[in-house]
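Heads up: the protein sequence lines correspond to chains V and L, in order. Per our numbering, the first sequence starts with residue 1, numbered consecutively. Per our numbering, the second sequence starts with residue 310, numbered consecutively. A virtual CB, placed ideally from N, CA and C, is assigned to each residue, including glycine.
There are 2 protein chains.
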Amino acid sequence: MTVPTVVTLDIGGTTIKGALVGADGQELKRLDRDTGASSGESEVVARVRAVARELADAGTVGVGLSVPGIVDTAAGVARHAVNLGFRDTPLAALVAEEVGVPVVLEQDCRAAAVAESEIGLGRDARDLMVVVLGTGVAAGLIVDGRPLAGADGSAGELGHLPVYPDGEHCACGQRGCLEVYASASGIARRYAAAGGTRAGATAADVASSLDSDVVAARVWREATEALGLALATATLLLDPALIVLAGGLTGAGDTLLRPVRSELQGALAWRQAPPVANSPLGGDAGRLGAAILAWRAAGYEDVVLRDAV
Amino acid sequence: MTVPTVVTLDIGGTTIKGALVGADGQELKRLDRDTGASSGESEVVARVRAVARELADAGTVGVGLSVPGIVDTAAGVARHAVNLGFRDTPLAALVAEEVGVPVVLEQDCRAAAVAESEIGLGRDARDLMVVVLGTGVAAGLIVDGRPLAGADGSAGELGHLPVYPDGEHCACGQRGCLEVYASASGIARRYAAAGGTRAGATAADVASSLDSDVVAARVWREATEALGLALATATLLLDPALIVLAGGLTGAGDTLLRPVRSELQGALAWRQAPPVANSPLGGDAGRLGAAILAWRAAGYEDVVLRDAV
């Protein structure tokens with residue numbers, strides 16, 4: 001008897017993280033491959049197709065793809081992803097051609113938010129926000145149980161909220177963007193620019209030396225202040241039941257959570273802040289979310305991968 | 310033959326604006342009554358019930374209520390409205406008891422957004438934001454065709470976005486809230502505080518004297534700058550197809566629209582701003598939205614009141 005499976009691919013700037021997943025959430029096969037991004041769009045697409053084909057077995061009923069950038073989920077098109085060369089790339093159709101089953105495409109933060117709402121901390125929440133704090137900062141929003149894509153598929157650009165209108169310049173051309181202060185790259189850059197003595201310090205290094213390094217302590221405080229402000233803004237607009245932090249910066253654990261919770265509540269004078277927690281899904285959230293969406297696209301509405309966590 | 314009708318009530322701080330509406334959108338009867346807010350919750354509820362009963366006819370199939378504050382639409386409960394004394398008031402059930410038909414309750418900005426999306430400028434948009442610029446500032450959000458309420462029914466609090474984190478104090482206890490700068494009351498207050506020479510000037514007075522009054526010009530510019538920043542933030546998070554301005558301040562017409570459009574685009578370095586327009590529905594948006602929701606609650610999904618505008 002053939003057991004139904006889905007293929008899930010989380011396509012990042014450097015690695016395609018793929019898996020073949022059973023209905024119990026178990027990973028039956030795992031395949032990570034270099035994205036080949038330096039060779040451009042057609043090479044990336046060829047590798048995505050190849051990984052999907054290699055992973056699929058006789059029982060595969062669907063494929064889920066998680067990609068960065070601007071994604072039109074309904075059309076299955078990767079509208080724009082600078083680091084992968086995607087530009088109106090009909091990725092879902094191209095992979096479906098290869099594998100012969102329904103393929104669903106979702107933006108990576110929204111896929112992570114789907115995973116969080118189905119099998120992570122958001123199981124009881126209809127409205128939640130997942131904030132991915134990595135090289136950049138972006139959010140995946142779940143509203144009334146569904147991912148919020150927006151009119152152009154670009155909702156959730158939390159990293160470019162102008163938290164300080166007259167603040168430091170951002171590479172995007174705006175000023176005072178959250179990402180300038182609270183991304184891993186921003187923290188490392190600001191530590192070095194402020195004369196931090198630890199050469200080549202990463203954001204994790206900064207987080208781990210708050211007690212002994214006044215520059216680190218200040219840069220970290222400014223990061224969590226900016227993040228608290230942005231989360232207050234998002235709370236006022238969206239009223240989430242829960243905010244989940246994800247991405248590399250959450251490696252700092254309570255060193256991140258404690259000041260962010262405090263700054264968020266401090267910025268909300270007249271309403272209680274929603275709870276803020278670190279994701280238990282780690283770097284697997286995008287791939288798990290794409291797997292959940294693949295099951296749904298294949299008509300298996302009840303598969304929620306609860307055993308995957 | 311009995312013609313089906315709905316009763317719609319827009320319950321404001323001072324006036325209950327009621328109407329009996331036919332399926333073609335025509336108002337068959339109109340009834341405005343003082344809210345009686347100074348006498349407290351029970352008097353307001355009694356008046357709402359009385360107006361609903363007076364308006365209902367033999368054909369009435371549903372009632373729609375639009376109320377300010379925090380509203381739990383699913384439960385039909387007005388959670389909190391300071392000016393009306395509502396505190397977990399089960400208004401839908403209380404009116405249903407009086408009229409004997411299904412009653413739907415919606416927050417006023419969300420009701421206005423429903424009207425805008427069904428019969429106003431948002432007919433072609435699945436995602437839009439209606440910003441009501443009156444004594445205060447608040448937004449009604451439509452996401453993927455549905456009003457966004459949030460976990461506690463308090464989504465859309467645009468007026469308290471901290472646009473300037475170190476800005477002027479707001480009555481809410483926060484600093485730099487949009488409402489401080491861009492509400493009608495905020496504009497009038499800031500004009501007076503800045504030494505504006507026109508005693509008792511309203512926001513409309515300020516808007517109409519930009520060419521001759523440097524204080525008015527500065528206060529108005531600061532209002533539209535703050536609004537542009539807040540709309541940029543909302544655009545980055547929600548990616549609406551359209552932003553509709555409503556409320557008293559839109560009486561200024563292009564004097565409002567032109568700088569707001571320019572400030573919004575100026576704050577968005579790397580993406581195009583959504584179009585911004587003034588609502589054609591004026592003060593009727595809340596009542597029209599409640600009528601649309603009443604038709605839906607009564608099972609008349611197809612009635613969209615297109616003839617009402």
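In chain order, which beta strand (DSSP E) runs of at least 3 residues are fully inside the segment 517-597 of chain L? The DSSP assignment places 551-555 and 585-587 as complete runs of the beta strand (DSSP E) inside the segment 517-597 of chain L, in order along the chain (cut-off: 3 residues).
Chain V beta carbons: is any one of them nearer than 8 Å to that of L:Ala578? The sequence position of residue 578 of chain L within the second sequence is 269, counting from 1. Yes, L:Ala578 counts as interfacial toward chain V.
Is there at least one Cβ from chain L nearer than 8 Å to V:Cys172's Cβ? For this step, residue 172 of chain V is matched to residue 172 along the first sequence. Yes, V:Cys172 lies at the interface with chain L (some Cβ there is under 8 Å from its Cβ).
Can you find a CB in chain V that lies within less than 8 Å of the CB of L:Pro474? Translated into positions along the second sequence, residue 474 of chain L becomes position 165. Yes, its Cβ sits closer than 8 Å to a Cβ of chain V.
Does the distance from the C-beta atom of L:Pro471 to that of L:Cys481 stay below 8 Å? The residue given as residue 471 of chain L occupies position 162 in the second sequence. The residue given as residue 481 of chain L occupies position 172 in the second sequence. Cβ atoms of L:Pro471 and L:Cys481: not closer than 8 Å.
V:Ser154, DSSP secondary structure in three states: As a working mapping, residue 154 of chain V is identified with position 154 in the first sequence. V:Ser154: coil per DSSP, three-state reduction.
Would you list, in sequence order, the uninterrupted alpha helix (DSSP H) runs of no fewer than 4 residues that lie entirely inside the segment 137-196 of chain V? Listed in chain order, they are 178-182 and 184-193.
List the whole-angstrom C-beta distance separating V:Ala75 from V:Thr89, where the pair is believed to meet the contact cut-off of C-beta under 8 Å. Counting from one through the first sequence, the residue named residue 75 of chain V turns up at place 75. Counting from one through the first sequence, the residue named residue 89 of chain V turns up at place 89. 11 Å between Cβ atoms; not a contact.
Would you say L:His478 lies against chain V (beta-carbon separation less than 8 Å)? Taking the second sequence and counting its residues from 1, one reaches residue 478 of chain L at position 169. At a cut-off of 8 Å, the C-beta of L:His478 has no neighbouring C-beta in chain V.
If you compare alpha carbons, which of V:Asp284, V:Val260 and V:Ala285 is closest to V:Ala311? Since the first residue of chain V shown is 1 and the last is 309, residue 311 of chain V is not available in this structure.
If I follow the unbroken beta strand (DSSP E) through V:Ser108, where does it start and stop? By one-based count along the first sequence, residue 108 of chain V stands at place 108. Inspection of the sequence shows that residue 108 of chain V is occupied by Asp rather than by Ser. Unbroken run through V:Asp108 is the alpha helix (DSSP H), Asp108 to Ile119; no beta strand (DSSP E).
Counting along the chain, where does the beta strand (DSSP E) carrying V:Glu316 start and finish? Since the first and last residues shown for chain V are 1 and 309, residue 316 of chain V lies out of range.
Tell me, please, whether the CB atom of V:Thr233 is closer than 8 Å to any CB atom in chain L? Walking along the first sequence from the start, residue 233 of chain V turns up at place 233. So yes, V:Thr233 belongs to the interface.
Bridge partners - L:Gly394, DSSP secondary structure assignment: Here residue 394 of chain L refers to the residue found at position 85 of the second sequence. DSSP links L:Gly394 through a beta bridge to no other residue.
Looking at the structure shown, is L:Glu407 part of a helix, part of a strand, or coil, going by DSSP? Residue 407 of chain L sits at position 98 when you count from the first residue of the second sequence. L:Glu407 falls in the helix class under three-state DSSP.
Can you tell me whether V:Val143 is buried or exposed, with buried defined as 16 or more other CB within 10 angstroms of its CB? As a working mapping, residue 143 of chain V is identified with position 143 in the first sequence. In this structure V:Val143 is buried. Its beta-carbon is surrounded by 16 or more other beta-carbon atoms within 10 angstroms.
Below 7 Å on C-beta distance, what does V:His160 contact in chain L? Here the question's residue 160 of chain V lines up with position 160 in the first sequence. What V:His160 touches in chain L, judged by beta-carbon distance under 7 Å, is Leu545, going in chain order.
Start and end residues, beta strand (DSSP E) containing L:Thr311: On the second sequence, residue 311 of chain L is found 2 positions in, with the first residue counted as 1. First-last for L:Thr311: undefined, no H or E at that position.
Which word fits L:Asp475, buried or exposed, when buried means at least 16 other C-beta atoms lie within 10 angstroms of its C-beta? Within the second sequence, numbered from 1, the residue matching residue 475 of chain L stands at position 166. Classification of L:Asp475: exposed, given that the 10 Å Cβ count is below 16.
Got a sec? Which residues, its chain only, sit under 8 Å from L:Glu350 by beta carbon, not counting five neighbours each side? Reading the second sequence from its first residue, position 41 is the one you call residue 350 of chain L. Same-chain partners within the cutoff: Leu393, Gly394, Phe395, Arg396 and Thr398.
Do the segment 433-441 of chain L and the segment 97-114 of chain V meet, that is, are 3 or more Cβ pairs less than 8 Å apart? Too few Cβ pairs lie closer than 8 Å, so no.
So what's V:Arg79 in DSSP terms, helix, strand or just coil? Here the question's residue 79 of chain V lines up with position 79 in the first sequence. Three-state DSSP puts V:Arg79 in a strand.
Give the residues of chain L in contact with V:Ser262, contact being defined as C-beta atoms less than 7 Å apart. Residue numbering aside, residue 262 of chain V sits at position 262 when the first sequence is read from its first letter. Within chain L, no residue comes near V:Ser262; the closest Cβ sits about 15 Å away, beyond 7 Å.
Where do the ends of the beta strand (DSSP E) carrying V:Gly64 lie? Working through the first sequence from its first residue, we reach residue 64 of chain V at position 64. Its beta strand (DSSP E) spans residues Thr60 to Val67.
Which residues in chain L sit within 8 Å of V:Arg126, going by Cβ to Cβ distance? Within the first sequence, residue 126 of chain V is the residue found at index 126, counting from 1. Here the neighbours are Ala460.
Can you tell which of V:Leu141, V:Leu121 and V:Leu158 has the C-alpha that lies nearest to the C-alpha of V:Gly134? As a first step, residue 134 of chain V must be located in the first sequence, where it is residue number 134. Answer by Cα proximity: V:Leu158.
Is V:Leu121 close to chain L? Criterion is C-beta to C-beta, closer than 8 Å. Start at 1 with the first residue of the first sequence, and residue 121 of chain V comes out as number 121. Answer no: the Cβ-Cβ gap between V:Leu121 and chain L never drops below 8 Å.
In whole angstroms, give me the CA-to-CA distance for V:Ala96 and V:Gly13. Counted from its first residue, the first sequence places residue 96 of chain V at position 96. Counted from its first residue, the first sequence places residue 13 of chain V at position 13. Note on geometry: alpha-carbon atoms of V:Ala96 and V:Gly13 lie some 22 Å from one another.
Min CB distance V:Leu227 to chain L below 8 Å: Indexing the first sequence from 1 puts residue 227 of chain V at position 227. By this cut-off, V:Leu227 is not an interface position.
Please list, in chain order, all residues of the same chain as V:Val219 whose beta carbon is under 8 Å from its beta carbon, the five residues on each side excluded. Along the first sequence, read from residue 1 onward, the residue named residue 219 of chain V stands at position 219. Closer than 8 Å at Cβ, skipping near neighbours: Ile187, Arg190, Tyr191, Ala194, Gly196 and Val206.
Could you give the residue range of the beta strand (DSSP E) that holds V:Arg30? Position 30 of the first sequence holds residue 30 of chain V. Looking at the DSSP string, the run of the beta strand (DSSP E) that includes V:Arg30 is Glu27 to Asp34.
Using only CA atoms, which one of V:Met1, V:Asp72, V:Thr2 and V:Leu28 lies nearest to V:Ala291? Reading the first sequence from its first residue, position 291 is the one you call residue 291 of chain V. The shortest Cα separation from V:Ala291 among V:Met1, V:Asp72, V:Thr2 and V:Leu28 belongs to V:Leu28.
Have a look at V:Glu179, V:Thr73 and V:Leu237 and flag the residue whose alpha-carbon is nearest the alpha-carbon of L:Gly462. Walking along the second sequence from the start, residue 462 of chain L turns up at place 153. Taking only the C-alpha atoms, the option nearest L:Gly462 is V:Leu237.
I'd like to know if V:Arg87 contacts chain L, where contact means its C-beta is closer than 8 Å to some C-beta of that chain. Looking up residue 87 of chain V in the first sequence gives position 87. Cβ-Cβ to chain L under 8 Å: no for V:Arg87.
Quick one: residues in its chain with C-beta nearer than 6 Å to the C-beta of V:Gly286, no 5 flanking neighbours on either side, listed in chain order? Taking the first residue of the first sequence as position 1, residue 286 of chain V is located at position 286. For V:Gly286, where only same-chain residues beyond five positions count, the Cβ hits under 6 Å are Asp10, Ser66, Asp108, Ala111 and Ala112.
So that I know if they touch, is there some Cβ in chain V lying closer than 8 Å to that of L:Glu415? Start at 1 with the first residue of the second sequence, and residue 415 of chain L comes out as number 106. No, L:Glu415 lies away from the interface with chain V (no Cβ there is under 8 Å from its Cβ).
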